[in-house]
Amino acid sequence: MQVFDQLLKAKKDKGGGFFLLLDPDRGTEKDILHLAEAAEDCGVDSILIGTSFMLNTNFHHVVKAVKEHSNLPVVIFPGGHGQISPHADAILFTSLISGRNPSYLIEEQVKGAPLIKRFGLEPISAGYMLIESGRTTSVLYISNTQPIPRDKSDIAAAHALTAQYFGMKMVYMEAGSGADGSVPDEMINIVSEYIDIPVCTGGGINEPIDAERKILAGASFVVVGNRLEECNSLSLMREFADATHTKKVVTA
Ligand code: 1GP
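First residue of the sequence shown: 1027, per our numbering; consecutive thereafter.
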């Protein structure tokens, strides 16, 4: 089964899909692999790997090691065309549609596409939208773009519909890693009601209850990185997965 179909199945069966984001620039390799190895047992549906600004030169090595330590689909969430590795299963083929910077709208993608083909990675096209989060996150600074204001759900909805009409498979509503405020539930609700493709959201989701709220608001997938990498707690990772899986299995 293709990775994207597996993610859709997680949403359908469990109510929402929970993705663990591992940033090769944050934490030691030991800490990253500690989370990766336990992720499947804790209920994680997919592991994302990527960063907005990479200092670590060992990207391929980290992706390979994570893949060797987990049976979950490993999906690259690239900050640029330098983060394409043959060791992953799929890649979020994002275009930063909320911005007007040609580098992140199309240039990085043109540089990366031939490598994705050569490596046989499954591209999962996604309209990537930055939502104002209360601070200048790395992705905001590096992309040199304006985020969509938190109270402008209509603007967010128009961007998301554009992604759908372009044939993208989902939209990713991003507050930025370590954001002060996650994407507002109300905006997720308005956008997910307005479009027919799934909504993924991440950035500043620091408590399991927040993950549950995002799914109940209409998101299909929730991404958590910072909080789990900071505390390296397997029990918290399980709590996040359980909270995201809003469709509880009732056993007789
Ligand atoms: C960042 O959406 C992800 O691209 C996750 O954000 O690290 O704040 O969980 P956090």
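Cβ coordinates follow ideal geometry from the N, Cα and C atoms, glycine included.
Check: Residues that DSSP places opposite P1149 in a beta bridge; Outcome: I1117
Check: Within 8 Å, strictly: CB atoms of D998 and S1208; Outcome: Because the chain here runs from 1027 to 1278, residue 998 falls outside it and cannot be looked at.
Check: Backbone secondary structure at S1246 - three-state DSSP; Outcome: coil
Check: With 16 other Cβ atoms within 10 Å as the buried cut-off, status of P1112; Outcome: exposed
Check: G1146 to A1267 span [Cα, whole Å]; Outcome: 29 Å
Check: Cβ pair R1264, G1108 closer than 8 Å; Outcome: no
Check: Proximity to T1162 [Cα-Cα], best of M1194, I1174, A1152; Outcome: I1174
Check: Cβ shell of N1082 (< 6 Å), same chain only, five flanking positions each side left out; Outcome: P1050, D1051
Check: Nearest-angstrom Cα separation, counted from V1101 out to I1231; Outcome: 20 Å
Check: C-alpha gap between A1114 and T1227, whole angstroms; Outcome: 21 Å
Check: N-terminal and C-terminal residue of the alpha helix (DSSP H) that M1213 is part of; Outcome: 1211 to 1220
Check: Range covered by the beta strand (DSSP E) that runs through T1188; Outcome: Per DSSP, T1188 belongs to no beta strand (DSSP E); it is in the alpha helix (DSSP H), 1179 to 1191.
Check: Own chain residues within Cβ distance below 6 Å of A1201, not counting five before or after; Outcome: I1157, S1159, S1208, V1209, G1229, G1230
Check: Length at least 4, wholly inside the segment 1077 to 1103: the alpha helix (DSSP H) runs in chain order; Outcome: 1085 to 1094
Check: Inter-stretch contact at 8 Å, needing at least 3 Cβ pairs: the segment 1031 to 1047 / the segment 1238 to 1250; Outcome: yes
Check: Inter-residue spacing [alpha-carbon to alpha-carbon] between Q1190 and N1258; Outcome: 36 Å
Check: Heavy atom of ligand 1 within 7 Å of E1094 beta-carbon; Outcome: no
Check: Run of the beta strand (DSSP E) containing M1199, from where it starts to where it stops; Outcome: 1196 to 1200
Check: G1228: CB within 7 Å of a non-hydrogen atom of ligand 1; Outcome: yes
Check: V1250 Cβ short of 7 Å to ligand 1 heavy atom set; Outcome: yes
Check: Ligand 1 heavy atom lying under 7 Å from the CB of A1245; Outcome: no
Check: Through-space distance from P1104 to L1118, alpha-carbon basis; Outcome: 7 Å
Check: Where the alpha helix (DSSP H) containing S1016 begins and where it ends; Outcome: Because the chain here runs from 1027 to 1278, residue 1016 falls outside it and cannot be looked at.
Check: Selection from L1047, V1217, E1212, S1129 that minimises the alpha carbon distance to N1170; Outcome: S1129
Check: Contact check, K1093 vs S1151, beta carbons under 8 Å; Outcome: no
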